[in-house]
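>
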Amino acid sequence: MSIFNLAILPGLVALAVSFLATPLVIKLAWKLGIIDDPKKSKHVKVIHTYPVPRGGGLALFFAVLVASLIFLPIDKHLKGILGGAAVLALMGILDDKYNLNPYLRLAGGFLAAAIPIAAGGIIDLSQPQINFYFLGELRSLWLLSDAFALIWIVFVMNMLNIGAKGVDGQLPGVVVVAATTIAMLSLKFSADITQWPVIILAAVTAGAYLGFLPWNFYPQKIMPGYGGSTLAGYLLAVLAILSTTKVGTLIVVLGIPLIDTGYTIVRRILARKSPVWGDRGHLHHRLLDLGWGKRRVAVFYWTISAFLGILALNLNTSSKLYTMVGIAILLGGTILWLTYRPKSS
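Residues 10 to 354 in my numbering are what the sequence shown spells out, letter by letter.
1) Which partner residues of D45 appear in the DSSP bridge assignment?
2) Taking F80 as the reference, give the member of G42, L296, G65, L18 with the closest Cα.
3) Skipping 5 residues on each side, what residues in its chain have a beta carbon closer than 6 Å to that of I12?
4) What does a CB cutoff of less than 6 Å around G7 pick up in its chain, not counting 5 residues either side in sequence?
5) Please state whether DSSP places D133 in a helix, a strand or coil.
6) Using the three-state DSSP reduction, which class does H291 fall into: helix, strand or coil?
7) Measuring only the C-alpha atoms, how far is K106 from G42?
8) For the ligand FAD, I want to know if L24 counts as a neighbour, meaning its beta carbon is within less than 6 Å of at least one of the ligand's heavy atoms.
9) How would you call A158, buried or exposed, if buried means at least 16 neighbouring beta carbons within 10 angstroms?
10) Out of R281, S328, K230, point me to the one whose CA is closest to D45's CA.
11) Out of R277, A187, I202, which one is the CA nearest neighbour of A249?
12) In whole angstroms, give me the CA-to-CA distance for Q136 and I126.
13) DSSP state of S199, grouped into three classes?
14) Pick out whichever of R281, P284, A215, L296 has its Cα sitting closest to the Cα of A76.
15) Have a look at L78 and L299 and give me their C-alpha separation to the nearest angstrom.
16) How long is the line joining the alpha carbons of I336 and F119, rounded to whole angstroms?
17) For A95 and R114, what's the separation of their Cα atoms in angstroms?
18) Using CA atoms only, rank isn't needed, just tell me which of A68, A128, I102 is closest to K88.
19) List the endpoints of the continuous alpha helix (DSSP H) containing N225.
20) Could you tell me if L251 is buried or exposed, where buried requires 16 or more neighbouring beta carbons within 10 angstroms of its beta carbon?
21) Take L340 and list the residues in its own chain whose beta-carbon comes closer than 6 Å to its own, dropping the five residues that flank it on each side.
22) Among V261, P266, I124, which residue has its Cα nearest to the Cα of V334?
23) With DSSP run on the structure shown, which of helix, strand or coil describes L320?
24) Our contact map puts I162 next to Y218 with C-beta atoms below 8 Å; I'd like the distance itself, whole angstroms only.
25) Rounded to whole angstroms, how far is the Cβ of L322 from the Cβ of L194, which I believe are closer than 8 Å?
26) I'd like the list of long-range same chain contacts for V184, defined as Cβ closer than 6 Å, with 5 residues on each side in sequence excluded.
27) Check the C-beta distance from Y235 over to G66 and give it rounded, since I have them as a contact under 8 Å.
28) Out of L245, H57, S327, state which residue places its alpha-carbon closest to the alpha-carbon of L169.
29) Which of the three DSSP states, helix, strand or coil, is assigned to K36?
30) Applying the criterion that 16 or more other CB atoms from any shown protein chain within 10 Å of the CB defines a buried residue, is A121 buried or exposed?
31) Going by C-alpha distance, which of L292, L69, A38 is nearest L91?
32) Considering only the alpha carbon of each residue, which of H57, A315, V256 lies closest to V165?
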């Protein structure tokens with residue numbers, strides 16, 4: 010199958026659906042009152058100055074759903090992946106409307122991550138194994154692999170939700186880079202037809218978020234919300250496992266939100282605060298305090314992610330490990346300097 014049919018066409022369809030569906034979701038959000046108004050929401054992490062509709066995850070889910078049903082075989086794996094995505098889309102709308110408790114959202118995230126695993130599993134490490142019936146068919150749980158997959162998916166979902174969506178256009182740009190990197194990685198193995206669905210789904214993910222980007226870039230007309238960020242992490246985490254288990258590649262590409270999220274969680278715990286409640290201490294907040302504009306911050310995240318994506322495609326396993334250590338030291342030092350620097354500087 011040609012690259013056009015494997016990647017370009019599915020990506021373009023997802024892009025078109027996302028771009029056309031987003032203004033409809035914007036109108037729906039205004040009608041239903043799913044609006045983030047800074048005059049009513051006094052949370053310290055809020056940085057926008059005018060009312061912005063939430064619920065962007067609904068448009069993104071619809072784009073992924075439509076393009077996937079057109080280009081991917083409707084088997085148990087796709088049903089499981091789309092089932093988990095649907096849970097996240099629903100949770101996203103509920104959170105955008107009612108601001109759900111973060112621990113309730115975390116429980117919903119585990120439920121969403123468990124669905125594709127229960128539908129057929131996505132990796133196989135070895136025994137022990139448990140057999141059961143799900144949706145009328147015999148399924149198997151490989152305890153070690155499925156435990157890893159569950160934790161990995163939920164981890165990436167929350168990493169993107171916490172560390173990659175604070176500024177207009179920040180999240181969709183990073184997701185486009187990450188999904189494109191996974192698609193390019195899988196194309197190296199395109200002789201193996203089992204990689205074709207991975208390439209298509211990666212292209213669909215990239216296209217959906219690229220179509221959403223014009224509506225979310227500064228000045229944003231809609232937010233991705235909890236649904237949009239966790240859906241991105243969910244799809245990327247699943248794709249990283251499916252693309253010949255290249256989890257390390259995704260970790261390198263998402264180096265900035267990964268280190269930022271880790272630093273944020275540790276900082277909150279040391280301050281005796283809940284690690285899941287938002288604050289104004291992320292890297293993008295520090296860069297804004299430094300005088301950077303929102304466009305500049307978003308482009309900074311895209312550029313570094315793209316650079317890391319190129320590195321990840323050309324590094325072996327040990328080199329990826331050294332790269333992550335270097336990123337952690339450099340970015341961690343930068344965050345600490347931005348946090349504790351003298352205000353006069």
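Even for Gly, the Cβ is constructed at its ideal location relative to N, Cα and C. These figures come from a predicted structure and were not determined experimentally.
In this structure, then:
1) In the sequence shown, residue 45 corresponds to position 36, counting from 1. D45 is bridged to V61.
2) The residue given as residue 80 occupies position 71 in the sequence shown. Comparing Cα-Cα distances from F80 to each of G42, L296, G65, L18, the minimum goes to L18.
3) In the sequence shown, residue 12 corresponds to position 3, counting from 1. Counting only Cβ-Cβ distances below 6 Å, and skipping sequence neighbours, we find nothing.
4) Any question about residue 7 goes unanswered here, given that the chain covers just 10 to 354.
5) Along the sequence shown, one-based indexing puts residue 133 at 124. Residue placement at D133 is flagged as unreliable, the pLDDT there being 47, under the threshold of 50; a coordinate-derived value is accordingly withheld.
6) As a working mapping, residue 291 is identified with position 282 in the sequence shown. Here H291 carries a coil assignment [DSSP, helix/strand/coil].
7) Within the sequence shown, numbered from 1, the residue matching residue 106 stands at position 97. Within the sequence shown, numbered from 1, the residue matching residue 42 stands at position 33. The straight-line gap separating the alpha-carbon atoms of K106 and G42 is approximately 7 Å.
8) Absence of the ligand FAD from the depicted structure is noted, as is the absence of any ligand whatsoever, leaving it without description.
9) Within the sequence shown, the letter at position 149 stands for residue 158. Burial call: buried.
10) As a working note, residue 45 is residue 36 in the sequence shown. Of all alpha-carbon atoms in R281, S328, K230, the one lying nearest the alpha-carbon of D45 is that of K230.
11) As a working mapping, residue 249 is identified with position 240 in the sequence shown. Closest option to A249, Cα to Cα, is A187.
12) Looking up residue 136 in the sequence shown gives position 127. Looking up residue 126 in the sequence shown gives position 117. Per-residue confidence for Q136 stands at a pLDDT of 42, beneath the threshold of 50, marking its modelled position as unreliable; the derived number appears in the next sentence. Taking the straight line joining both Cα atoms gives about 16 Å.
13) Residue mapping note: residue 199 aligns to position 190 of the sequence shown, counting from 1. DSSP places S199 in coil when its eight states are reduced to three.
14) On the sequence shown, position 67 is the one that residue 76 refers to. Residue A215 is the option with its Cα nearest to A76.
15) Residue numbering aside, residue 78 sits at position 69 when the sequence shown is read from its first letter. Residue numbering aside, residue 299 sits at position 290 when the sequence shown is read from its first letter. Distance between the alpha carbons of L78 and L299 is about 45 Å.
16) As a working note, residue 336 is residue 327 in the sequence shown. As a working note, residue 119 is residue 110 in the sequence shown. The C-alpha of I336 lies about 28 Å from the C-alpha of F119.
17) The sequence position of residue 95 within the sequence shown is 86, counting from 1. The sequence position of residue 114 within the sequence shown is 105, counting from 1. A95 and R114: Cα-Cα distance of roughly 14 Å.
18) On the sequence shown, position 79 is the one that residue 88 refers to. Closest option to K88, Cα to Cα, is A128.
19) For the purposes of this step, residue 225 is identified with residue 216 of the sequence shown, where counting begins at 1. In this chain, the alpha helix (DSSP H) harbouring N225 covers 205-225.
20) Numbered from 1 along the sequence shown, position 242 holds the residue referred to as residue 251. Counting Cβ neighbours within 10 Å, L251 comes out buried, since at least 16 surround it.
21) Working through the sequence shown from its first residue, we reach residue 340 at position 331. The beta carbon of L340 sits closer than 6 Å to those of I268, all from its chain and outside the five residues before and after it, given in chain order.
22) Position 325 of the sequence shown holds residue 334. Between V334 and the set V261, P266, I124, the nearest pair of CA atoms involves V261.
23) Taking the first residue of the sequence shown as position 1, residue 320 is located at position 311. Correct three-state label for L320: helix.
24) Numbered from its first residue, the sequence shown carries residue 162 at position 153. Numbered from its first residue, the sequence shown carries residue 218 at position 209. The C-beta distance from I162 to Y218 rounds to 18 Å, too long to fall under 8 Å, and the pair is not in contact.
25) Residue mapping note: residue 322 aligns to position 313 of the sequence shown, counting from 1. Residue mapping note: residue 194 aligns to position 185 of the sequence shown, counting from 1. About 6 Å; that satisfies the 8 Å criterion.
26) Position 175 of the sequence shown, counted from the first residue, corresponds to residue 184. Take V184, set aside five residues on each side of it, and the residues of its chain with a beta-carbon closer than 6 Å to its own are Y218, A241, in chain order.
27) Walking along the sequence shown from the start, residue 235 turns up at place 226. Walking along the sequence shown from the start, residue 66 turns up at place 57. The pair is a contact, with the Cβ atoms about 7 Å apart (cut-off 8 Å).
28) Taking the sequence shown and counting its residues from 1, the one referred to as residue 169 is at position 160. Just measuring C-alpha positions, the residue of L245, H57, S327 sitting nearest L169 is L245.
29) Taking the sequence shown and counting its residues from 1, the one referred to as residue 36 is at position 27. In the structure shown, K36 sits in a helix (DSSP, three-state: H, G or I).
30) Mapped onto the sequence shown, residue 121 falls at position 112. Classified as buried, A121 has 16 or more neighbouring CB atoms from the shown chains inside 10 Å of its CB.
31) Taking the sequence shown and counting its residues from 1, one reaches residue 91 at position 82. Closest option to L91, Cα to Cα, is L69.
32) Position 156 of the sequence shown, counting from 1, holds the residue named residue 165. Of H57, A315, V256, the residue nearest in Cα terms is V256.
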